[in-house]
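In our numbering, the protein residues as written are 2 to 504.
Below is one structure, written out as structure tokens, with a few remarks after it.
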């Protein structure tokens, strides 16, 4: 499911950027020789190999045939302008690419004949083989890369790990080995720190322009200190907003002001307790996600919230047995320290409490708000309780979506290996979130919807997202928000204004 979702997302993104052109062209008098080479190299030789299924079974390639879903080199033998279909030869096989299966390559009013001609070589994917007919689609291998990681909340088991479009190409696992700027995906760590310092979802912070003097390198001490002027993504200012609104809309300036109040050191300490080990900048740019982390680190950190404040070991291997079924190694997650002592074959994993359970649910509620009415709105397509956060870095070089249900925490990252910008408007919501949704739909399809459980000292109130006061009944702009009992708002904004008239 992970490979399928990530590949689809990267291919969809790549197609949106346009067709990069045909592989080459073969003169008609050389077709027979070329097609015979393709038959031998891409069909007959490939049929000697097989895939290994998760259960150990084999998927044999059809003997001297084509396999659905595989990509081959195709030679265009005819282009029908009337039906807008392309006839393609793959070795000794004939197939057809209907218009809908290559129309993505036609931009700016171009016709098929503007891009393709007889003898052109293209990559094609086998979509269907039925009744002697072979249905194809135009294929283009994405240049953009991505990664996906899924952790089972109750155990810490990694249930999906995809380190790139094709591992065999680079043998570089981007889910574990790559360190990329996380952007706004780091903001929940900041807001989680604030909750432990007495801030509530209804606390108000300023969303106004601000400038900070940044420290200057000693070698350049004679120069004027640089002033850092952070901006919001939409270049607007809202005045005052609640914590809930600031996180849901991923408001940069409000987050920076919050970080300056709670202290960078405190945020870094919490990040460390959440399992983040990569270097973190001791400066306010941390509020905009200037740190470079692995997908594994940030996904594991998010899993603390649905786990009620527990940090679990990430376990990649459940069990290893030899050919005769003898146990070599087993990793066993446990929920308390009441377990047998570790044996030479069994390792027990105890979760570590790193965050208060009630504050964890407040963060769950805040991140549900990101999905309900904030930047993570695309995750609503899952149709069940979900929480998460988008992340987009400067110049759109890295995009993220980290989200969770009660069962799983899943992280998705998309970007170019050489740091090429993805393009204007290519955000975590636009690029990473759809991959996350496709994957979650697949792994949750046989599980009934479940909601997040919460401690007894959690209460719910409907508040105004800008003032933090209780919302009047029927207020369409109000949001339902969780509070730790005793910290919830007690008055309505109108009542406050009426009271202030007396001063």
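Just so you know, even glycine gets a beta-carbon here, dropped at the ideal spot from N, CA and C.
Once you ignore the five residues that flank residue 218 on each side, which residues in its own chain have a CB closer than 7 Å to its CB? Position 217 of the chain shown holds residue 218. Caution applies to residue 218, whose pLDDT of 46 falls short of 50 and renders its modelled position unreliable; the value that the coordinates give is listed next. Within the same chain, residue 218 has no close Cβ partners at all.
Touching by the beta-carbon criterion (3+ pairs, under 8 Å), the stretch 158-168 and the stretch 2-14: Cβ pair count under 8 Å is three or more, so yes.
Among 420, 403, 421 and 131, which one has its Cα closest to the Cα of residue 413? Sequence index remark: in the chain shown, residue 413 carries index 412 (1-based). Cα-wise, what sits closest to residue 413 is 403.
Whole-angstrom distance between residue 351 and residue 311, CA atom to CA atom: In the chain shown, residue 311 corresponds to position 310, counting from 1. In the chain shown, residue 351 corresponds to position 350, counting from 1. Taking the straight line joining both Cα atoms gives about 10 Å.
Do residue 91 and residue 121 have their beta-carbon atoms positioned less than 8 Å apart in this structure? For the purposes of this step, residue 121 is taken as residue 120 along the chain shown, with counting starting at 1. For the purposes of this step, residue 91 is taken as residue 90 along the chain shown, with counting starting at 1. At least 8 Å separates the beta-carbon of residue 121 from that of residue 91.
Look at residue 346 and residue 329 and say whether their C-beta atoms are less than 8 Å apart. Your numbering for residue 346 matches position 345 in the chain shown. Your numbering for residue 329 matches position 328 in the chain shown. Cβ atoms of residue 346 and residue 329: closer than 8 Å.
Between residue 463 and the rest of its own chain, which residues show a CB-CB distance below 8 Å, the 5 nearest in sequence each way excluded? Here the question's residue 463 lines up with position 462 in the chain shown. Hits under 8 Å: 471, 472, 476, 479, 480, 481 and 482.
Just reading off the alpha helix (DSSP H) that residue 114 is part of, what are its end residues? Walking along the chain shown from the start, residue 114 turns up at place 113. Start and end: 113-116.
Where DSSP assigns a beta bridge to residue 353, which residues make up the other side? Position 352 of the chain shown, counted from the first residue, corresponds to residue 353. Residue pairing by DSSP places residue 353 opposite 312 in a beta bridge.
Check whether the stretch 190-204 touches the stretch 314-323, taking contact to mean three or more Cβ pairs, one atom from each stretch, closer than 8 Å. no
State the Cα-Cα distance for the pair residue 32 and residue 94, rounded to the nearest angstrom. Residue 32 sits at position 31 when you count from the first residue of the chain shown. Residue 94 sits at position 93 when you count from the first residue of the chain shown. So the two alpha carbons sit approximately 13 Å from each other.
Beta-carbon proximity of residue 154 to residue 409, cut-off 8 Å: By 1-based counting over the chain shown, the position of residue 154 is 153. By 1-based counting over the chain shown, the position of residue 409 is 408. Closer than 8 Å, so yes.
Residue range of the unbroken alpha helix (DSSP H) whose run includes residue 435: For the purposes of this step, residue 435 is taken as the residue at position 434 of the chain shown. It spans 434-445 - the alpha helix (DSSP H) in which residue 435 sits, taken as one unbroken run.
Member of 426, 125, 415 and 262 whose CA lies at the smallest distance from the CA of residue 433: Working through the chain shown from its first residue, we reach residue 433 at position 432. Nearest of 426, 125, 415 and 262 to residue 433, Cα basis: 415.
Under 8 Å by Cβ, that's how I've got residue 455 and residue 362 pegged, so tell me the actual separation to the nearest angstrom. Working through the chain shown from its first residue, we reach residue 455 at position 454. Working through the chain shown from its first residue, we reach residue 362 at position 361. That belief holds up - the Cβ atoms of residue 455 and residue 362 are roughly 4 Å apart, short of 8 Å.
In terms of residue numbering, what span does the beta strand (DSSP E) encompassing residue 428 cover? Position 427 of the chain shown, counted from the first residue, corresponds to residue 428. Element bounds for residue 428: n/a, residue is neither H nor E.
Examine the Cβ distances between the stretch 122-130 and the stretch 64-73 and report whether three or more of them are shorter than 8 Å. Between the stretch 122-130 and the stretch 64-73 there are three or more inter-stretch CB-CB distances shorter than 8 Å, so the stretches are counted as touching.
Selected residue, minimal CA-CA separation from residue 29, among 304, 42, 469 and 119: The count along the chain shown starts at 1 and reaches residue 29 at position 28. When C-alpha distances from residue 29 are compared across 304, 42, 469 and 119, the shortest belongs to 119.
From residue 174 to residue 147, what does the alpha carbon distance come to, in whole angstroms? The count along the chain shown starts at 1 and reaches residue 174 at position 173. The count along the chain shown starts at 1 and reaches residue 147 at position 146. Near 10 Å, if we compare the C-alpha coordinates of residue 147 and residue 174.
Reducing DSSP to helix, strand and coil, say where residue 73 ends up. Position 72 of the chain shown, counted from the first residue, corresponds to residue 73. Residue state, collapsed to three classes: strand.
Bridge partners - residue 334, DSSP secondary structure assignment: If you number the chain shown from 1, residue 334 lands on position 333. In the DSSP output, where bridge partners are listed per residue, residue 334 has 350.
Whose C-beta lies closer than 8 Å to the C-beta of residue 263 among residues of the same chain, with five residues either side of it excluded? Numbered from its first residue, the chain shown carries residue 263 at position 262. For residue 263, where only same-chain residues beyond five positions count, the Cβ hits under 8 Å are 191, 194, 195, 198 and 200.
When we look at the beta-carbon of residue 457 and count the other beta-carbons within 10 Å, is it buried (16 or more) or exposed? Within the chain shown, numbered from 1, the residue matching residue 457 stands at position 456. Exposed: under 16 other Cβ atoms inside 10 Å.
Is residue 278 near residue 265, with beta carbons less than 8 Å apart? For the purposes of this step, residue 278 is identified with residue 277 of the chain shown, where counting begins at 1. For the purposes of this step, residue 265 is identified with residue 264 of the chain shown, where counting begins at 1. Their beta carbons are not under 8 Å apart, which means residue 278 does not touch residue 265 by this criterion.
Please confirm whether residue 420 and residue 397 have their CB atoms less than 8 Å apart. Here residue 420 corresponds to residue number 419 of the chain shown, with the count starting at 1. Here residue 397 corresponds to residue number 396 of the chain shown, with the count starting at 1. It is not a contact, given that the beta carbons lie outside the stated cut-off.
Which residues mark the beginning and the end of the beta strand (DSSP E) in which residue 243 is found? Counting from 1 along the chain shown, the entry for residue 243 is found at position 242. Looking at the DSSP string, the run of the beta strand (DSSP E) that includes residue 243 is 240-243.
Where the alpha helix (DSSP H) through residue 12 begins and ends: In the chain shown, residue 12 corresponds to position 11, counting from 1. Looking at the DSSP string, the run of the alpha helix (DSSP H) that includes residue 12 is 3-17.
Are the stretch 439-450 and the stretch 178-187 in contact at 8 Å, needing three or more beta carbon pairs? no
Can residue 374 and residue 249 be called in contact, C-beta distance under 8 Å? By one-based count along the chain shown, residue 374 stands at place 373. By one-based count along the chain shown, residue 249 stands at place 248. The Cβ atoms of residue 374 and residue 249 lie closer than 8 Å to each other.
Helix, strand or coil for residue 390, going by three-state DSSP, please let me know. Within the chain shown, residue 390 is the residue found at index 389, counting from 1. DSSP places residue 390 in strand when its eight states are reduced to three.
In the structure shown, what three-state DSSP assignment does residue 405 receive? Within the chain shown, the letter at position 404 stands for residue 405. If DSSP states are grouped into helix, strand and coil, residue 405 belongs with the strands.
Quick check: is the beta carbon of residue 115 nearer than 8 Å to any beta carbon in chain D? Protein chain content of the structure displayed is limited to a single chain, and chain D is not contained in it.
Please classify residue 189: is it buried, with 16 or more other beta-carbons within 10 angstroms of its beta-carbon, or exposed? Along the chain shown, read from residue 1 onward, the residue named residue 189 stands at position 188. With 16 or more other Cβ atoms within 10 Å, it is buried.
Helix, strand or coil for residue 184? Go by DSSP, reduced to three states. Numbered from 1 along the chain shown, position 183 holds the residue referred to as residue 184. It is helical.
Measuring straight from C-alpha to C-alpha, what distance separates residue 493 and residue 243? The residue labelled residue 493 in the question sits at position 492 within the chain shown. The residue labelled residue 243 in the question sits at position 242 within the chain shown. Residue 493 and residue 243: Cα-Cα distance of roughly 15 Å.
By alpha-carbon positions, which one of 314, 378 and 100 ends up nearest to residue 429? As a first step, residue 429 is located in the chain shown; it is residue number 428 there, counting from the start. Residue 378 is the option with its Cα nearest to residue 429.
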